[in-house]
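Residue numbers (the numbering used here), protein chains in the order written: chain A, 4 to 223; chain B, 1094 to 1400.
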């Protein structure tokens, strides 16, 4: 495979929801499916996100005693952009270039047949993952089902020495025994709320932001 | 989308979504482990009332690479020889608990009839002279892989026995729906009745269109139709409509040559042309698995891009 670290542009989501790999609009919990969603809080600003990236990059290198044998693999749609940023950060202070790949988990999801599940981008990992430490990278960790699918997808590519998980936001409500190794921010949420991530690379915005939105009836 | 019976049933957006999805599966088929678990627990039956190797094997490979189970129902060794009707046959198969039936049948409309008898998804793998929709999808995918995602303005000549060709019917619909300009080339006896109602140009002179096309799509001369006196002789057909080495030299420099297979070397295409770099015939076969994965995934898995 080519030594490429291309980050494809993600498909715009038809509607926002909290599980980053879900591709279809999911009605908010309960009967609030027609509720108007309102901005609750700005969770992370562009500056906060820059610092979070820098910290996570350092934590990844610290945990692994260096950057040897690391490969960052972003999950579509926003994971590849985040993985690319982490790689740039690590290179800036470690002086080594980290391979970055992209992973699409659609064909490994457990809700195929329950809702439309469409791939969001190509799977391209530029190195053999066997024997390496793979850090899966995504924007929001919610039910854990996307990560479960990602572990299956990754296993098809080889046998990593270890797999770790980095996310910008952990919003809770796990449905599987999965946890993140590196977290930008732990954010308590209600199930019906939306964590909306906007990145300049993927979302046609001028500045990064992560916001918490919720239905009007459910307001604080 | 519950069945795939005809290219006509798909609008441009649906075609493009299926092709985009097919490109994802092209990537899957290139992996060391070219298999995903998307259709675990589903069963796909191929029911072929006509000979086929590539289409049947291509569908079965596609189903297996999606982790579906496959069963093959070959008419030669079945109760059809004891006089079982098509309806009884498919209802028997359905009773075994299946999710999709891939049908090839000599009569146009047979797959459509089956949709009224059973609940499984029906995929038309060729019915009479009517349609062969996955062939058209794989032809378009092959062109996209060579020329980029748009067929807009592409000049495609389809040469040969258009009249009896389900491939040509499906291809014309797919190519024109995606913006290509299609010219049908052949003697009047091999062009369809009412061709003036098709959204195509018509020519009886291959040499006149040769230099102007981006793609030359050759149809198989169905040797079994020789007795119908549709053209004087194979030699005469080849001299007027065969892609000989001399004609191939007059194609535009980057023109592509396609053929749905199986090819009659020395009849519609010279052997050295079939094996030349302009020929993308073997890539067509490779594309077949990916588009059939996309169709099976759409019908049995995702609920659509074409919901």
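Idealized CB from N, CA, C, for every residue including glycine.
As the structure is a prediction and not an experimental result, all values here were calculated from the model.
| Query | Result |
| --- | --- |
| I think residue 216 of chain A touches residue 47 of chain A, with their Cβ atoms under 8 Å apart; what is that distance to the nearest whole Å? | At roughly 14 Å, the Cβ-Cβ gap does not stay under 8 Å, so residue 216 of chain A and residue 47 of chain A are not in contact. |
| Tell me which residue opens and which closes the beta strand (DSSP E) that residue 80 of chain A is part of. | Segment: none, residue 80 of chain A is in no beta strand (DSSP E) and carries neither H nor E. |
| For the alpha helix (DSSP H) containing residue 1115 of chain B, list its first residue and its last residue. | 1105 to 1122 |
| In whole angstroms, give me the CA-to-CA distance for residue 1191 of chain B and residue 1299 of chain B. | 47 Å |
| Note down, in chain order, every chain A residue with its Cβ under 9 Å from the Cβ of residue 1137 of chain B. | None at all; the shortest Cβ gap to chain A is about 14 Å. |
| What first and last residue would you give for the beta strand (DSSP E) that runs through residue 1139 of chain B? | 1136 to 1141 |
| Where does residue 1073 of chain B sit, in a helix, a strand or coil, going by DSSP? | A query on residue 1073 of chain B cannot be resolved here, the shown segment of chain B reaching from 1094 to 1400 and no further. |
| In terms of residue numbering, what span does the alpha helix (DSSP H) encompassing residue 56 of chain A cover? | 49 to 66 |
| Would you check if the region 70 to 78 of chain A and the region 138 to 153 of chain A touch, i.e. whether three or more CB-CB distances between them fall below 8 Å? | yes |
| Does the region 1264 to 1283 of chain B touch the region 1236 to 1253 of chain B, meaning 3 or more C-beta pairs lie closer than 8 Å? | yes |
| DSSP state of residue 1222 of chain B, grouped into three classes? | coil |
| Quick one, which of B:1211, B:1183, B:1338 has its alpha-carbon nearest residue 1198 of chain B's? | B:1183 |
| Just checking: is the beta-carbon of residue 120 of chain A within a distance shorter than 8 Å of some beta-carbon in chain B? | yes |
| Check distances from the C-beta atoms of the region 98 to 114 of chain A to those of chain B and list, in chain order, the residues that come in under 9 Å. | 107, 109, 110, 111, 112 |
| In angstroms, rounded to a whole number, what distance separates the CA positions of residue 1283 of chain B and residue 1256 of chain B? | 5 Å |
| For a test of the three-state rule: what should DSSP assign to residue 225 of chain A, helix, strand or coil? | Missing from the structure shown is residue 225 of chain A; chain A here goes from 4 to 223 and no further. |
| Would residue 1138 of chain B and residue 1166 of chain B qualify as a contact pair, given that the criterion is a beta-carbon distance under 8 Å? | yes |
| Comparing alpha-carbon positions, which option in A:172, A:68, A:152, A:72 lies nearest residue 56 of chain A? | A:172 |
| If you drop the 5 nearest sequence neighbours on each side, which residues of the same chain put their C-beta closer than 8 Å to that of residue 1239 of chain B? | 1349, 1373, 1376 |
| In the DSSP assignment, the beta strand (DSSP E) including residue 173 of chain A goes from what residue to what residue? | 165 to 173 |
| Tell me which residue opens and which closes the beta strand (DSSP E) that residue 1198 of chain B is part of. | 1193 to 1198 |
| Comparing the C-beta of residue 77 of chain A with each C-beta of chain B, is any distance below 8 Å? | no |
| In angstroms with no decimal places, state the Cα-to-Cα distance between residue 1302 of chain B and residue 1380 of chain B. | 27 Å |
| Since residue 169 of chain A and residue 106 of chain A are thought to touch, with beta carbons under 8 Å apart, how far apart are those beta carbons, to the nearest angstrom? | Their Cβ separation, rounded to whole angstroms, is 13 Å, which puts residue 169 of chain A and residue 106 of chain A out of contact at 8 Å. |
| Within 10 angstroms of the Cβ of residue 1134 of chain B, are there 16 or more other Cβ atoms? Answer buried if so, exposed if not. | exposed |
| On the premise that residue 1365 of chain B lies in contact with residue 1338 of chain B, defined as a C-beta separation below 8 Å, what is that separation, rounded to the nearest angstrom? | 6 Å |
| Measuring from the CB of residue 174 of chain A, is there a heavy atom of the ligand HEM at a distance below 7 Å? | This structure does not include the ligand HEM; it has no bound ligands of any sort. |
| In whole angstroms, what separates the C-alpha of residue 174 of chain A from that of residue 128 of chain A? | 28 Å |
| Applying a beta-carbon distance threshold of less than 9 Å, which residues of chain B neighbour residue 125 of chain A? | 1116, 1117, 1120 |
| Between the C-alpha atoms of residue 71 of chain A and residue 149 of chain A, what's the straight-line distance to the nearest angstrom? | 27 Å |
| Mapping the DSSP letters down to three states, classify residue 1207 of chain B as helix, strand or coil. | helix |
| Taking 8 Å as the CB-CB cut-off, is residue 197 of chain A touching chain B? | no |
| Residue 1126 of chain B touches chain A at which residues, Cβ-Cβ below 7 Å? | 159 |
| Looking at residue 1181 of chain B: is its Cβ nearer than 8 Å to the Cβ of residue 1202 of chain B? | no |
| Does residue 116 of chain A have its Cβ less than 8 Å from a Cβ in chain B? | yes |
| Does residue 1386 of chain B pass the burial test, meaning 16 or more other C-beta atoms within 10 Å, or should it be called exposed? | buried |
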